[in-house]
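Numbering (the working numbering), first residue to last: 12 to 314.
All residues carry an ideal CB built from backbone N, CA and C; glycine is no exception.
These notes concern the structure reproduced below.
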């Protein structure tokens, strides 16, 4: 019998690709959705976080739950209201799952939850690992609350894995198309000082890591989901321009201009995060895309 994977946030960037890859590998996949009647390739169960409702059949269905749900951090300006949405969408959804798992008879063996390297804050060029001190800016606080809400599954004797994602590279959405836009228009430039480190991961490697967390029952606890070779923003911009066969024309985009346009959200772009992939490598996981040029080529090479 193929194992059944229930995904929250299944229609998001990672969820979409992960669902495809799971199906390719012979798993069954179902999504939790606010609107399960909407056309979907996958079996869908209704849930409503505001109403604290989950179709109990979803919990009874699952062998594993992958928790990706959460409002996009870079989608809108960070008003106080939006910050609350970013936080609640992650925590309330985990709390709801936890409550239902206690109530409904189930055969769930484990939970794999997303988190983010934002938990380390702006750490300059210091290499940070899973044991490093957590920051206390807004994104770090969100990540901490997110992880705490995922940790509760351990008290139900469920194997719990938390993957702290770096910048997930995909042509379908997220940061890459945003960064490619100015380069396409011949207006590409490093952002801020350009010295800030970016810890990235190719979307396929990120999804393979979630699948690995299902299959490798030794995996438990927190892992950084980042490729082994982080780069500075300046290097990233240069490699991206090369992959797109475009010149880099402008000097750096000054910090104050970014703050003007993005407000507090510029923290996401200007924070330096040089994150270690060692713990994941020690599990024997091999990255398909170890270096940025390989990852970018997979998106921009003439096919």
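Alpha carbon of residue i to alpha carbon of residue j, nearest angstrom
i, j, result
"residue 176", "residue 183", "17 Å"
"residue 258", "residue 150", "33 Å"
"residue 292", "residue 236", "10 Å"
"residue 83", "residue 156", "16 Å"
"residue 20", "residue 29", "11 Å"
"residue 143", "residue 27", "31 Å"
"residue 286", "residue 130", "11 Å"
"residue 208", "residue 283", "5 Å"
"residue 253", "residue 12", "46 Å"
"residue 105", "residue 256", "43 Å"
"residue 110", "residue 96", "20 Å"
"residue 164", "residue 246", "40 Å"
"residue 126", "residue 132", "13 Å"
"residue 195", "residue 22", "27 Å"
"residue 63", "residue 69", "14 Å"
"residue 37", "residue 260", "47 Å"
Three-state secondary structure (DSSP) of residue i
i, result
"residue 108", "helix"
"residue 59", "strand"
"residue 285", "strand"
"residue 235", "strand"
"residue 164", "helix"
"residue 195", "helix"
"residue 302", "coil"
"residue 311", "helix"
"residue 248", "helix"
"residue 115", "coil"
"residue 144", "coil"
"residue 259", "coil"
"residue 153", "helix"
"residue 88", "coil"
Short Cβ contact (8 Å threshold) for residue i with residue j
i, j, result
"residue 66", "residue 56", "yes"
"residue 225", "residue 32", "no"
"residue 240", "residue 302", "yes"
"residue 216", "residue 299", "yes"
"residue 60", "residue 122", "no"
"residue 248", "residue 206", "no"
"residue 211", "residue 178", "yes"
"residue 161", "residue 117", "no"
"residue 119", "residue 169", "yes"
"residue 185", "residue 193", "no"
"residue 114", "residue 73", "no"
"residue 220", "residue 167", "no"
"residue 98", "residue 153", "yes"
"residue 180", "residue 306", "yes"
Limits of the alpha helix (DSSP H) - the one that residue i falls within
i, result
"residue 212", "Run containing residue 212: none in the alpha helix (DSSP H); it sits in the beta strand (DSSP E), 211-213."
"residue 16", "Per DSSP, residue 16 belongs to no alpha helix (DSSP H); it is in the beta strand (DSSP E), 15-19."
"residue 35", "24-35"
Where the beta strand (DSSP E) through residue i begins and ends
i, result
"residue 74", "Taken as a continuous stretch (DSSP letters only), residue 74 belongs to no beta strand (DSSP E), as it is neither H nor E."
"residue 130", "Element bounds for residue 130: n/a, residue is neither H nor E."
"residue 40", "39-44"
"residue 176", "170-176"
Assumed close pair residue i, residue j - CB separation to whole angstroms, cut-off 8 Å
i, j, result
"residue 5", "residue 17", "Because residue 5 is not part of the residues shown, which for the chain are 12 to 314, the question remains open."
"residue 190", "residue 107", "In fact, because the Cβ distance is near 34 Å, the residues do not count as touching under 8 Å."
"residue 233", "residue 141", "5 Å"
"residue 297", "residue 230", "Not really, about 15 Å apart at Cβ, beyond 8 Å."
Residue i CB to nearest heavy atom of the ligand HEM below 7 Å
i, result
"residue 154", "In the structure shown, the ligand HEM is absent, as is every other ligand, since no ligand is present at all."
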